[in-house]
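Chains as they are written, first to last, in my numbering: chain A, 21 to 523; chain B, 14 to 318. Worksheet for the structure shown next.
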Amino acid sequence: MVVLRGITKRFPAVLANDQVDLDLHPGEVHALLGENGAGKSTLMKILYGFYSADCGEIKLQGDPVHIHSPHDARRLGIGMVFQTFTLIPAMTVAENAALYLPDLPPVVDTRRVAKQISSLGEKYGIQVSHRFPVRDLPIGDQQKVEILKLLVGRARVLIFDEATRVLAPHEIEGLFDIFERLKGDGYAIVFITHKMREVLACADRITVMRRGRIAGTLTRSEATESALVALMFGDAIPQEATSAPLPPAAPGSALLALRSVNTRPQGASTPLRDVCLEISQGEIVGVAGVSGNGQRELVDVILGLLPCAAGKRLLHGEDATSWSAGQIRASGVGFVPEDPLGMAVVPWMTLSQNAALGDVAAYARRGGLSLGWDRVRQDIVTSFAALEFEPLSLYAPVRTFSGGQLQRAVLARELGRRPRLLVASYPTRGLDVRSAAAARRVLVQLRNSGGGVLLVSEDLDELFSLSDRLVVLRRGRIVGAFRPGEVDRHEIGHLMTDSEVGE
Amino acid sequence: MNWAFFGGLLSGTIMYGVPLLYTTLGEVIGQRAGMVNLGLEGILLIGASVGFAVSIETGNPWLGVGAAALAGALFNLVYAFLVATRRANQLASGLTVMFFGMGISAMVGRAYVGGGIAGLARYQVPGVAALPWVTRTMFNYDLLVYLAVPVAVLVWWVLYRTRWGLSLRAVGENPSAAFAAGRRISALKYQAALACGFLAGIAGAHLSVALARTWTEGMTGGRGFVAVALVIFSKWHPLRAIVGALLFGGAVTLQLQLQAMGAGVSPFLLNMIPYLLTLGVLLVWSGARRFAAPGALGRVYSGEE
Chain A
21 MVVLRGITKR
31 FPAVLANDQV
41 DLDLHPGEVH
51 ALLGENGAGK
61 STLMKILYGF
71 YSADCGEIKL
81 QGDPVHIHSP
91 HDARRLGIGM
101 VFQTFTLIPA
111 MTVAENAALY
121 LPDLPPVVDT
131 RRVAKQISSL
141 GEKYGIQVSH
151 RFPVRDLPIG
161 DQQKVEILKL
171 LVGRARVLIF
181 DEATRVLAPH
191 EIEGLFDIFE
201 RLKGDGYAIV
211 FITHKMREVL
221 ACADRITVMR
231 RGRIAGTLTR
241 SEATESALVA
251 LMFGDAIPQE
261 ATSAPLPPAA
271 PGSALLALRS
281 VNTRPQGAST
291 PLRDVCLEIS
301 QGEIVGVAGV
311 SGNGQRELVD
321 VILGLLPCAA
331 GKRLLHGEDA
341 TSWSAGQIRA
351 SGVGFVPEDP
361 LGMAVVPWMT
371 LSQNAALGDV
381 AAYARRGGLS
391 LGWDRVRQDI
401 VTSFAALEFE
411 PLSLYAPVRT
421 FSGGQLQRAV
431 LARELGRRPR
441 LLVASYPTRG
451 LDVRSAAAAR
461 RVLVQLRNSG
471 GGVLLVSEDL
481 DELFSLSDRL
491 VVLRRGRIVG
501 AFRPGEVDRH
511 EIGHLMTDSE
521 VGE
Chain B
14 MNWAFFGGLL
24 SGTIMYGVPL
34 LYTTLGEVIG
44 QRAGMVNLGL
54 EGILLIGASV
64 GFAVSIETGN
74 PWLGVGAAAL
84 AGALFNLVYA
94 FLVATRRANQ
104 LASGLTVMFF
114 GMGISAMVGR
124 AYVGGGIAGL
134 ARYQVPGVAA
144 LPWVTRTMFN
154 YDLLVYLAVP
164 VAVLVWWVLY
174 RTRWGLSLRA
184 VGENPSAAFA
194 AGRRISALKY
204 QAALACGFLA
214 GIAGAHLSVA
224 LARTWTEGMT
234 GGRGFVAVAL
244 VIFSKWHPLR
254 AIVGALLFGG
264 AVTLQLQLQA
274 MGAGVSPFLL
284 NMIPYLLTLG
294 VLLVWSGARR
304 FAAPGALGRV
314 YSGEE
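Here it is in structure tokens:
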């Protein structure tokens, strides 16, 4: 039905899709499995016209087609349900669906649209009350509205991007029932996920992607969990350039201790449940997990951006449960966020202004009426030199820096303050090989000089080569704690994706 | 208090409220498409000056109203260009349009200061003259007054019952979703701006051609800003805008009448009545406000990728 050939897409820092071939058949659920960043979503967004491929070809029923926009895609009968829904909360279900009707008359009869929705809903077992604004519906029903929207729009290829992420278990079963009925009517369904169990529960054909390439395609009968894990995480793992064997760490006193920390659920976030974690001087603690399983909440709790609903946070041996983010920062905690442009810097300010913002109190002069700019500049230059980074312009707005330059700037600022504890969230995401190696070297240096590091990453190679201890987060809980030598990647992979070992 | 007082209050309310209603309806359309237009004051002035000038030159006030509507629509394209094409900040763009409009209207109107016209013809509501308490002015209005409420209903129908209205509201609520549904965001914003300018142009002409029947610089006296407040008051709904415009018109008229009667209150205080009313209404309404405001109101839509 749909044939993708040689699809390649390069983003500024990464090759998201590299010569990808994929075939979709009618009456089949095709699962796209892979870690975050493996290129699954990018590939499907290319099919849906959200991105355009750098090269490659798409054929629909044998004819080559050009898809430049979602509008083109939908005219060709390709529809997509995104992770974040594209519904209009203030409008009713019928109005939302009407927007997607290809032959909507100039005067809209919402009652007729509603009738159309009901009959389609009955046919495929998708019941939603369509009188209310979408914002009043529970999240599972909102997803049903998304599906109905595509069906009334006469899509024949339905793409679901991480569709189960926001659903409760019974809702997931309901979704798979809907898949079955749609399949019976010849719809082609693409189901993007990183959850092994769901794939085995609903897919007829499974394609595994790794680092922008197809790692393999299996039919349901051929697929086993271990075969899929092997494809997802790779058998031959290349050696990291920087991973010189680390001297055994001699842990000192605990810098940070979380004792049975819980957080309140907020929106679609994953609350932490009974998280206990210690980081001592001179160790790197790696956090593995598929993103969205509580990593962000863990980091926010440590930094004081999110309050503990229950449990205690101890810093440097003191009870810091009620400390503010400023107090925590002042006590010697540094932060390298996953999104430096959004969370660590003010994009339109210069490097030196941003550096000063990192510790305004220390640079304040005359009671805060002025700032010691000379010292700010001196510190940042010293810090760059100490880290052996190439110097950057102090007077350019940081908005103009590349991802790697920006990450170096943030690292230099945070390490220039000589933190005792550094929280690094995906510190090498989006960096080129050289910058990534430099960033890793910095983390090891800090550890060797007696600092503690919390390293959140999705790159298992990085976690294995740098961490002294590894914990695995799944659905807000720590489901395993190891020393890297004690486990292999496959066990971690199984823990991350909640599947049994060696089935 | 007598019938004359209430008659005056009623006709004053209507005459003051009608141009406000047209302006508010225009702004409702614009804001439903996600655009806050603070330039309304400028568009009203353009409408007033062009409407008056064309009425004098042609001797036909209806041509004046038509020209004013067109001028308002075209002039609001400046705002649409800044906001939809150049993706400029809406507040700054609106204020720019306002000052620009003030300047141009002064230029257009300069030759006509002190001129007078017959104005739009007024029609008595048939049958009411027999009623004993009816005064001459009470049910005697021009056609634009009689059309105001039907136009409000029309705007409601267009926004809520047509494909265009659905698309327009989608753009104002969630441009990404509207784009994903195949709508052309910029085109819809331009169309909304044209409609907004058209209605504000009519309102401006009504002020100069039907009410004042003369042109003075800055004669709109802040009505453009009142209309922006009335949009919030009416929770972005064209039918509630009728209530808002009349309520405000009533407050202004009452204040004028109390002053004329020599009420023992400072005239400055009385002058404030309509604005205190607005303030109070906004205070009471503001809690519920975020549920009614279009989701992407005032935001710059930067497109996908």
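Built from N, CA and C at the ideal position, the CB exists for glycine as well.
>> Tell me the residue span of the alpha helix (DSSP H) that contains Lys135/A.
In response: Per DSSP, Lys135/A belongs to the alpha helix (DSSP H) from 130–144.
> Which ranges does the alpha helix (DSSP H) cover as unbroken runs of at least 4 residues, wholly within the segment 234–287 of chain B, from first to last along the chain?
Replying inline: Taking only runs of at least 4 residues, the alpha helix (DSSP H) segments lying wholly in the segment 234–287 of chain B are 236–246, 251–273.
> Is it buried or exposed for Trp228/B, if we count other Cβ within 10 angstroms and need 16 for buried?
Replying inline: Only buried fits Trp228/B, as 16 or more other CB atoms lie within 10 angstroms of its CB.
> What distance in whole Å lies between the Cβ atoms of Val321/A and Ala444/A, which are believed to be in contact at a cut-off of 8 angstroms?
Replying inline: That belief does not hold up - the Cβ atoms of Ala444/A and Val321/A are roughly 16 angstroms apart, past 8 angstroms.
>> For Leu269/B, which residues in the same chain have their Cβ closer than 6 angstroms to its Cβ, ignoring the five residues on either side in sequence?
In response: Nothing meets the Cβ criterion.
> Just how far apart, CA to CA, sit Gly275/B and Leu220/B?
Replying inline: Approximately 27 angstroms between the Cα atoms of the pair.
> Can you tell which of Leu83/B, Tyr29/B, Ala46/B, Ile69/B has the C-alpha that lies nearest to the C-alpha of Ala213/B?
Replying inline: Of the listed residues, the one whose Cα sits closest to Ala213/B is Leu83/B.
> Which bits of chain A does Ala190/B rub up against, with CB to CB less than 7 angstroms?
Replying inline: Residues of chain A passing the Cβ test: Thr106, Leu107, Ile108.
> Residues of chain A with CB under 7 angstroms from Arg174/B, in chain order?
Replying inline: Chain A residues near Arg174/B: Val127, Val128.
> Fully enclosed by the segment 350–407 of chain A, which beta strand (DSSP E) runs are 3 residues long or longer?
Replying inline: The segment 350–407 of chain A is shown to contain whole beta strand (DSSP E) runs of 3 or more residues at 353–356, in chain order.
>> For a contact defined as C-beta to C-beta under 8 angstroms, what are the partners of Glu54/B on chain A?
In response: Here the premise fails: no neighbours, minimum Cβ distance about 29 angstroms.
> Ordered along the chain, which non-local residues of its own chain (more than five positions away) have a Cβ less than 6 angstroms from that of Leu515/A?
Replying inline: Closer than 6 angstroms at the Cβ level, and outside the excluded window around Leu515/A, lie Val492, Val499, Gly500.
> Candidates Ala308/A, Arg467/A, Gly436/A, Gly392/A: which alpha carbon is nearest His510/A's?
Replying inline: Put simply, of Ala308/A, Arg467/A, Gly436/A, Gly392/A the residue whose alpha carbon is nearest the alpha carbon of His510/A is Ala308/A.
> What span of residues does the alpha helix (DSSP H) with Lys202/B cover, start to end?
Replying inline: It spans 198–218 - the alpha helix (DSSP H) in which Lys202/B sits, taken as one unbroken run.
> From this set, Gly306/A, Asp74/A, Ile137/A, which residue's C-alpha is nearest Leu442/A's C-alpha?
Replying inline: From the listed residues Gly306/A, Asp74/A, Ile137/A, the smallest Cα separation to Leu442/A is found for Gly306/A.
>> Is the separation between the beta-carbon of Lys60/A and that of Thr517/A shorter than 7 angstroms?
In response: Result no, Cβ atoms of Lys60/A and Thr517/A do not sit closer than 7 angstroms.
> Expressed to the nearest angstrom, what Euclidean distance is found between the alpha-carbon atoms of Gln163/A and Pro153/A?
Replying inline: Using only the alpha carbons, I get a separation of about 14 angstroms.
>> Between Ile159/A and chain B, is any beta-carbon pair separated by less than 7 angstroms?
In response: At a cut-off of 7 angstroms, the C-beta of Ile159/A has no neighbouring C-beta in chain B.
> Any idea which residues DSSP pairs Gly236/A with across the strands?
Replying inline: Gly236/A is bridged to Val228/A.
> Name the chain A residues that come within less than 9 angstroms of Leu358/B, Cβ to Cβ?
Replying inline: Outside the displayed range of chain B (14 to 318) lies residue 358/B, so it cannot be described from this structure.
> Which residues of chain B have a Cβ atom closer than 9 angstroms to the Cβ of Arg94/A, listed in chain order?
Replying inline: Those within 9 angstroms of Arg94/A in chain B are Ala193, Ala194, Gly195.
> Which chain A residues sit within Cβ distance under 8 angstroms of Ala183/B?
Replying inline: Within chain A, Ile108, Met111, Leu119 have C-beta atoms less than 8 angstroms from the C-beta of Ala183/B, given in sequence order.
> Helix, strand or coil: which one does DSSP assign to Gln558/A?
Replying inline: Because chain A spans 21 through 523 in this model, residue 558/A falls outside it and cannot be assessed.
>> According to DSSP, simplified to helix, strand and coil, what is Ile87/A?
In response: Ile87/A falls in the coil class under three-state DSSP.
> So, Val22/A versus Val177/A, is the Cβ gap smaller than 7 angstroms?
Replying inline: Their beta carbons are under 7 angstroms apart, which means Val22/A touches Val177/A by this criterion.
> For the segment 303–314 of chain B, which residues have a beta carbon sitting closer than 7 angstroms to at least one beta carbon of chain A?
Replying inline: Among the residues of the segment 303–314 of chain B, those with a Cβ less than 7 angstroms away from any Cβ of chain A are Gly308, in the order of the chain.
> What does a CB cutoff of less than 8 angstroms around Thr262/A pick up in its chain, not counting 5 residues either side in sequence?
Replying inline: The predicted position of Thr262/A is uncertain, since its pLDDT is 44 and thus under 50; a value taken from the coordinates is nonetheless stated next. Cβ within range, chain order: Ala457, Arg460, Arg461, Val464, Ser485.
> Quick one: does Phe31/A have its CB under 7 angstroms from some CB of chain B?
Replying inline: No - not a single Cβ of chain B is within 7 angstroms of the one on Phe31/A.
> Between the segment 96–114 of chain B and chain A, which residues of the former have a C-beta closer than 7 angstroms to a C-beta of the latter?
Replying inline: Answer set for the segment 96–114 of chain B: empty.
> Quick one: complete alpha helix (DSSP H) runs, 4+ long, within the segment 68–111 of chain B?
Replying inline: As far as the segment 68–111 of chain B is concerned, its whole alpha helix (DSSP H) runs of at least 4 residues are 74–93.
> Do Ser106/B and Leu90/B have their CB atoms nearer than 7 angstroms?
Replying inline: No.
> Are the beta-carbon atoms belonging to Arg155/B and Ala218/B less than 7 angstroms from one another?
Replying inline: It is worth fixing the name first, because residue 155/B is Asp in this sequence and not Arg. In this structure, Asp155/B sits away from Ala218/B, with a CB-CB distance that is not shorter than 7 angstroms.
> Using DSSP with H/G/I as helix, E/B as strand and the rest coil, what is Ser189/B?
Replying inline: Ser189/B sits in a helix when the DSSP states are folded into three classes.
>> Whole angstroms are fine: how far does the CA of Arg395/A sit from the CA of Glu260/A?
In response: Confidence in Glu260/A is poor, its pLDDT being 42 and thus under 50, which makes the residue's placement too unreliable to answer from.
> Which value, in whole angstroms, describes the spacing of the CA atoms of Thr290/A and Arg495/A?
Replying inline: Taking the straight line from one Cα to the other gives about 6 angstroms.
> Looking at C-alpha atoms only, which residue of Val41/B, Ser189/B, Gly257/B is the closest neighbour of Tyr314/B?
Replying inline: Selected option, being the one with the closest Cα: Ser189/B.
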